[in-house]
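In this note's numbering, the protein residues as written are 412 to 916. Report on the following structure.
What follows is the structure in structure tokens.
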């Protein structure tokens with residue numbers, strides 16, 4: 412016996428002058444294994460609804476059936492239907508009718524970028540040979556279905572096509588770049604179409620039905636090739652030079668000043684890695700973090716003026732060789748001081764230590780690395796009963812892309828928030844794996860601050876929609892950019908998760 416499910420569909424017919432977008436709800440006879448397209452067919456047959464949608468292969472191969480399901484782009488032929496599911500057309504494209512959008516914009520962009528094999532000689536006279544190793548990177552990019560899901564999920568595309576061609580097109584540019592038979596200057600084209608405006612947030616990979624790691628396999632590799640083959644952008648030059656000379660991407664002095672008066676040892680089993688941005692912009696939060704760790708019975712050392720940059724900006728911008736050299740220096744410092752555990756409050760540092768160092772420094776020993784939210788969550792009982800002292804009773808939480816989608820760290824920060832009695836967590840519509848980027852990642856905050864703030868303003872709007880007046884995060888880059896994006900006048904607060912605990916102890 413089947414269950415009764417309901418689905419809600421956004422209806423609209425652009426051919427009708429008086430029609431306006433509106434939702435209609437339908438009942439569906441649900442059965443095990445039912446996909447979204449089955450539900451649409453069932454509604455059309457049962458209710459005569461005549462819902463317009465695209466469908467072709469029904470085998471996850473053509474990518475033509477992509478729609479928004481509960482706010483997430485997905486293939487209608489692949490995703491299971493859920494009770495109460497809301498179905499909408501893809502954003503950023505003109506709606507023809509109901510769930511069908513006009514894809515002409517996408518096709519025109521494909522033509523403009525000449526995303527087919529290009530050569531500057533007579534291709535008929537060339538012996539078409541390439542080794543397996545040569546074509547492997549291009550083959551991975553060739554898995555793209557052109558389903559448009561990544562475009563719908565991209566926070567940069569939301570700010571306009573002129574800002575960034577979009578993940579799908581960068582994938583195709585990467586495919587052509589990696590193809591040894593293509594002689595066009597694809598890397599330069601990628602840069603002209605916003606290569607360095609990608610935040611590398613991973614929202615594209617999260618919705619990619621083929622599982623293509625677009626930030627790492629396309630964006631990062633294109634940036635690496637660009638730095639090798641083309642003139643390096645001035646902003647990238649400055650960041651590289653600052654890290655080399657001053658051990659931070661800003662070129663500032665006395666990164667250690669925040670720790671004055673804390674009497675922290677310079678070496679020990681457990682080291683607190685402050686990170687560059689926090690050291691200059693969030694010294695008060697760092698002091699609270701050290702005090703909180705002491706309450707938990709954890710004494711930490713701090714490298715002070717010897718603390719290096721984790722060098723994630725180098726990797727984000729495509730300087731793989733510079734990153735590898737710098738990362739090796741950091742790892743050797745850990746080894747020299749016999750550091751066993753590193754605690755950091757920076758999501759960028761956490762990600763690069765746990766994911767990228769092992770990849771680029773294969774065989775080098777690294778200490779255990781923990782984000783401070785993990786440490787607090789694991790030992791929160793030692794803090795005793797924490798009752799709300801702040802005036803607000805509800806907060807919302809922003810998942811940093813580096814902690815969440817990159818490292819899968821979702822629960823620990825929520826456990827920390829849940830430890831404060833009298834505080835309710837109200838989730839944003841886009842949370843967890845579907846979190847919307849703050850705008851600061853991928854080096855964008857360093858080289859295109861206006862774009863970073865514009866993306867951050869959209870995230871602030873989503874936070875305000877919860878009705879909360881406090882947004883908590885667990886990354887200084889997110890906190891800093893969201894604070895730049897919030898505006899003023901209504902008391903809306905951005906705070907680090909450490910500040911939340913410190914304010915209520």
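The C-beta atom is built at its ideal place from N, Cα and C for all residues, glycine as well.
- Approximately 20 angstroms separates the beta-carbon atoms of residue 445 and residue 484; this is outside 8 angstroms, ruling out the contact.
- In its chain, beyond the 5 residues on either side, 462 and 464 have a beta carbon closer than 6 angstroms to the beta carbon of residue 451.
- Distances from the alpha-carbon of residue 495 to those of 649, 414 and 520 put 414 closest.
- Fully enclosed beta strand (DSSP E) runs of no fewer than 3 residues occupy 681-684 of the segment 663-718, in order along the chain.
- Contact annotation, residue 500 with residue 516: C-beta distance approximately 13 angstroms; criterion of less than 8 angstroms not satisfied.
- DSSP places residue 630 in the helix class (H, G or I) of the three-state scheme.
- Around the CB of residue 585, 16 or more other CB atoms lie within 10 Å, so the residue is classed as buried.
- In this structure, residue 869 lies near residue 566, with their beta-carbon atoms less than 8 angstroms apart.
- Closest by C-alpha distance to residue 420, out of 767, 432, 600 and 658, is 432.
- Scanning 823, 417 and 749 for the CA closest to the CA of residue 680 turns up 749.
- A distance of 8 angstroms or more separates the beta carbons of residue 575 and residue 552.
- Membership of residue 480 in the beta strand (DSSP E) is indicated by the continuous run 477-480.
- In the three-state DSSP reduction, residue 906 falls in the strand class (E or B).
- DSSP places residue 484 within a strand segment (E or B) once states are collapsed to three.
- The criterion of a C-beta distance shorter than 8 angstroms is satisfied by residue 693 and residue 907.
- Exclusion of the five residues before and after residue 682 leaves 712, 750 and 753 as the residues of its chain whose Cβ lies within less than 6 angstroms of its Cβ.
- Within the DSSP secondary-structure output, residue 441 pairs in a beta bridge with 414.
- Between the segment 628-640 and the segment 503-520, the count of C-beta pairs closer than 8 angstroms stays below three; the two stretches do not touch.
- The Cβ-Cβ distance between residue 797 and residue 830 falls below 8 angstroms.
- Taking 8 angstroms as the upper bound for CB-CB distance, residue 786 and residue 866 are not in contact here, some 30 angstroms apart.
- Annotated three-state conformation of residue 914 is helix, per DSSP.
- If you check the CB distance, residue 498 and residue 510 come in under 8 angstroms.
- With 16 or more other Cβ atoms inside 10 Å of its own Cβ, residue 666 counts as buried.
- Listed as beta-bridge partners of residue 754 by DSSP are 683 and 781.
- Sixteen is the threshold: when 16 or more other Cβ atoms of the shown chains lie within 10 Å of the Cβ of residue 449, as they do, the residue is buried.
- Comparing alpha carbon positions, the residue from 697, 676, 608 and 628 closest to residue 686 is 697.
- Under DSSP, residue 832 forms a beta bridge with 798.
- In the structure shown, residue 469 falls within a coil segment according to DSSP collapsed to helix, strand and coil.
- Contact annotation: residue 855 and residue 608 have beta-carbon atoms nearer than 8 angstroms.
- Shortest Cα-Cα distance from residue 802 to any of 903, 555 and 820 involves 903.
- Check the Cα spacing between residue 714 and each of 522, 559 and 671: the tightest is with 671.
- Here residue 433 carries a strand assignment [DSSP, helix/strand/coil].
- Scanning the segment 592-623 for uninterrupted alpha helix (DSSP H) segments of 4 residues or longer gives 597-603 and 614-618, listed from N- to C-terminal end.
- In this structure, residue 852 and residue 812 form a Cβ contact; the two beta carbons are roughly 6 angstroms apart against a cut-off of 8 angstroms.
- For residue 807, the three-state secondary structure derived from DSSP is strand.
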